[in-house]
Amino acid sequence: MVGKLGHPRPVKPLLLDESAAGELLTLQRAAFLVEARAHRNFELPPLVETLEEVRAALADPACPVWGVREAGRLLATVRLRVSGEAGEIGRLAVVPDRQGEGLGRALLLAAETAAPAAVTRFRLCTGERSAGPLRLYAGLGYRETHRSPEADYQLVHLEKPRAAGSGEHR
Ligand SMILES: CC(C)(COP(=O)(O)OP(=O)(O)OC[C@H]1O[C@@H](n2cnc3c(N)ncnc32)[C@H](O)[C@@H]1OP(=O)(O)O)[C@@H](O)C(=O)NCCC(=O)NCCS
């Protein structure tokens, strides 16, 4: 992975457990505030999720949650929920002061690689006003499948087939 300044950025995602619940909640609330403002919706799931719900997600073996740490600090996170052959990616977030360095892209790619072998396609969704994430997903091969109404905007649903040859590396 090469960051914006051209420096190599090796990313080593770790599987997070319940002990990370507090910092995960802090990270997602800080990161998703921009999306909330863009969509004038402060009830976004990552913002209203409770500490107990975050703990439950971290304890759920069907929903691996990865994080990237640097000097102990949690910088980025992503979740995967396996639903049949589909891997549903969610809660991709990078701390505000480290966005734009390549962490988000690297972590999303790492989650795809780590998905169980049964997963043949990946799905995710984002708000229609999320220009940054939409560019990121398009660049990684995600294509829009449909839109669904949410408050006064649309949720954009995207999907991509798993690249042949990739498997489970957890
Ligand atoms: C979206 C997010 C996870 C991307 O992570 P990141 O580390 O900042 O992004 P990267 O540095 O890996 O950038 C990858 C690509 O994303 C796109 N992108 C991401 N954020 C962008 C922004 N604010 N404006 C424009 N493009 C953006 C670009 O295409 C970029 O590639 P480029 O630099 O070659 O043009 C991060 O910005 C974030 O946490 N945002 C708030 C939460 C959020 O919206 N999560 C996704 C919800 S579905």
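Numbering-wise (this note's numbering), the sequence shown opens with residue 226 and increments by one.
Even glycine gets a Cβ: it sits at the ideal position worked out from N, Cα and C.
Since the model is a prediction, treat every value here as computed from it, not as a measurement.
Scanning its chain for C-beta atoms nearer than 7 Å, with the 5 sequence neighbours on each side dropped, one finds around V319 the residues A256, L300, A301, L328, G329, in chain order.
Within a 10 Å sphere around the beta-carbon of E260 sit 16 or more other beta-carbons, which makes this residue buried. Per DSSP, V319 lies in no alpha helix (DSSP H) segment; the continuous beta strand (DSSP E) that holds it begins and ends at 311-319. In the structure shown, T345 adopts coil according to DSSP, grouped into three states.
Residue pairing by DSSP places P238 in no beta bridge whatsoever.
Per the coordinates, the alpha-carbon of L240 lies some 36 Å from the alpha-carbon of D377.
Residue environment analysis places H264 among the buried positions, since at least 16 neighbouring C-beta atoms fall within 10 angstroms of its C-beta.
Within the chosen limit of 7 Å, ligand 1 does not reach the beta carbon of P341 with any heavy atom. Of the heavy atoms belonging to ligand 1, at least one sits nearer than 7 Å to the Cβ of V259.
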